[in-house]
Amino acid sequence: MKKKVIVACGGAVATSTIAANKILELCREYDIDVDICQIRISEIEFHLDGTSLIVTTTKVKKDYGVPYVSGISFISGIGEEQTREAILAILKV
Amino acid sequence: MLWEELKESLIFLNGEEKCEKDILKKMGGALICEGYAKDTYVQALLLREKRFPTGLDINGIGVAIPHTDPRHVKKEGVALAILKKPVTFRHMEDEGVRVSVRLIFMLAVLNPEAHLNHLQCVLNIIQDTEVLVQLLTAGGQKDIIQIIKTKEETL
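Protein chains in written order, with my numbering: chain A, 61 to 153; chain B, 79 to 233.
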C-alpha cells in the first residue's frame, strides 16, 4: 500500500523540497511506494488523514499522533544516515 | 548552475554588522537592487526568519540560509556574506537554540521544484566543513567564486 508522508517546513518552499527529494530517493532505493505531501507546518493538521510519517525541518512542538522524524540532517548533512534509518524503520513496516 | 549567478556584487566580505536584522537588510537590499527580488523582499525575509529561523551549526561553524516566499522574488539568485564577527541567529530545528553565524547564504527562490539543483548547490557547500573553512579565510570575491567552483567540479 502507498505510504503517505507529510514533509513540511515554514513556507513549503526551500528546505521541505530538499527533504522531500531525499525521502523520495530513499524510498525508490528501498522500493517503498510513497506519496509525498509537501506543505507548510501550519497546514499539517489539515492533512493528517492516512499519514504514516511526518518529517519537518523545523521542530514541531505539537504531537499529531503520527510517527515523526526530524529532517534537519537533510539540510545540515550531519546525521543523515540516522535520519534515513529512522524513516525506513517507520515506512518499511 | 546557481553559482554562475553569483555575482561579485552579491558577495559581502568583512562585514561588521552587529545583528541578524542588519545583515539581512544589507543582503536583501542588494538582491532587490540587482533585480532578483521585489521591494517587499526584505520585510518578508525578516518576518520569515523571525517565525522560521534558518541558523545551522555545521561542526561548530555557524551558517544561516535565510529565504522567503517566492511571491517576493523576481528571479532565482543567491547572495553570500562572510562576517568578521559572528551575529546571533536562531537555530532552524529549535528556535530556542542560538547559533553564532559568520556565513550567510541568502536564497531568492522562485520555483523550488524546478530549481531543486539550485538549492542542492547551496547545500553541497554548506555540508562541506572544509569548504566552509576555506570560505571563512578567503581573501576576496574572486577567491570565493573559485572555492565554490572548485567544490562543484568535484561533485
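Backbone N, C-alpha and C fix where the C-beta goes; we use that ideal spot for every residue, glycine too.
Closer than 6 Å by C-beta to E127/B: which residues in its own chain qualify, once you throw out the five before and the five after it? Chain order, please.
-> If you number the second sequence from 1, residue 127/B lands on position 49. Here the set comprises P144.
Contacts around P127/A, its chain only, beta-carbon distance under 8 Å, and the 5 residues preceding and following it disregarded = On the first sequence, residue 127/A is found 67 positions in, with the first residue counted as 1. Listed in chain order, the non-local C-beta contacts of P127/A below 8 Å within the same chain comprise S112, L113, I114 and I150, local neighbours out to five positions each way being set aside.
Reduced DSSP secondary structure (H/G/I, E/B, other) of A115/B | In the second sequence, counting from the first residue as 1, residue 115/B sits at position 37. Three-state result, A115/B: strand.
Determine contact between the segment 189-201 of chain B and the segment 72-80 of chain A, defined as no fewer than three beta-carbon pairs at a distance below 8 Å.
-> yes
May I ask you to report which of helix, strand or coil DSSP gives L185/B?
-> In the second sequence, the residue the question calls residue 185/B occupies position 107. Residue state, collapsed to three classes: strand.
Following the continuous beta strand (DSSP E) through L91/B, name the residue where it begins and the one where it ends.
-> Mapped onto the second sequence, residue 91/B falls at position 13. I89 to G93 is the extent of the beta strand (DSSP E) around L91/B.
Closer than 8 Å to chain B by CB, I132/A = Mapped onto the first sequence, residue 132/A falls at position 72. Taking Cβ atoms only, chain B reaches closer than 8 Å to I132/A, which makes this a yes.
Ranges of the beta strand (DSSP E) found wholly within the segment 101-145 of chain A, counting only runs of at least 3 = With a minimum length of 3 residues, the continuous beta strand (DSSP E) runs that stay inside the segment 101-145 of chain A are 111-116 and 128-130.
If T118/A and I101/A are in contact, beta carbons under 8 Å, what's the gap, nearest whole angstrom?
-> Sequence index remark: in the first sequence, residue 118/A carries index 58 (1-based). Sequence index remark: in the first sequence, residue 101/A carries index 41 (1-based). So it is a contact: roughly 6 Å between Cβ atoms.
Which residues in the same chain as C69/A place their Cβ atom closer than 7 Å to its Cβ, once the five residues preceding and following it in sequence are excluded?
-> Counting from one through the first sequence, the residue named residue 69/A turns up at place 9. Contacts found: T75, S76, I101, T116, T117 and T118.
Give, in chain order, every residue of the segment 145-158 of chain B whose Cβ lies closer than 9 Å to some Cβ of chain A.
-> H145, T146, D147 and P148
Is the Cβ of T118/A closer than 8 Å to any Cβ of chain B?
-> Counting from one through the first sequence, the residue named residue 118/A turns up at place 58. So yes, T118/A belongs to the interface.
Assigned exposure category for S87/B - 16 Cβ within 10 Å defines buried = For the purposes of this step, residue 87/B is identified with residue 9 of the second sequence, where counting begins at 1. It is exposed - the Cβ of S87/B has fewer than 16 other Cβ atoms within 10 Å.
Go through the segment 90-164 of chain B residue by residue and report every complete run of the beta strand (DSSP E) that reaches 3 residues or more, in order.
-> 133-136 and 139-142
How many angstroms separate the CA atom of V94/A from the CA atom of T215/B?
-> Translated into the one-based positions of the first sequence, residue 94/A becomes position 34. Translated into the one-based positions of the second sequence, residue 215/B becomes position 137. If you take the alpha carbons of V94/A and T215/B, they lie about 44 Å apart.
Could you list the residues in the segment 158-188 of chain B with a C-beta less than 7 Å from some C-beta on chain A, going in chain order?
-> Of all residues in the segment 158-188 of chain B, the ones placed with a Cβ closer than 7 Å to any Cβ belonging to chain A are M170, E171, D172, L185 and V187, in chain order.
Minimum C-alpha distance to G138/B - residue among E154/B, E208/B and T146/B | To locate residue 138/B, count along the second sequence from 1; it is residue 60. Nearest of E154/B, E208/B and T146/B to G138/B, Cα basis: E208/B.
Tell me whether R180/B is buried or exposed, calling it buried when 16 or more other Cβ atoms sit within 10 Å of its Cβ.
-> Position 102 of the second sequence, counted from the first residue, corresponds to residue 180/B. With 16 or more Cβ atoms within 10 Å of its Cβ, R180/B is classed as buried.
What's the call for C87/A, buried or exposed, on a 16-neighbour Cβ count within 10 Å?
-> In the first sequence, the residue the question calls residue 87/A occupies position 27. Buried, by the Cβ-count rule.
Pull out every residue of the segment 73-103 of chain A whose Cβ sits closer than 7 Å to any Cβ of chain B, in chain order.
-> V73, A74, T77, I78 and N81
Residue range of the unbroken beta strand (DSSP E) whose run includes I66/A = Position 6 of the first sequence, counted from the start, is the residue given in the question as residue 66/A. Unbroken beta strand (DSSP E) run through I66/A: K63 to C69.
Could you have a look at T215/B and say whether DSSP puts it in helix, strand or coil?
-> As a position in the second sequence, residue 215/B is number 137, starting the count at 1. Secondary structure at T215/B: coil, using DSSP grouped into helix, strand and coil.
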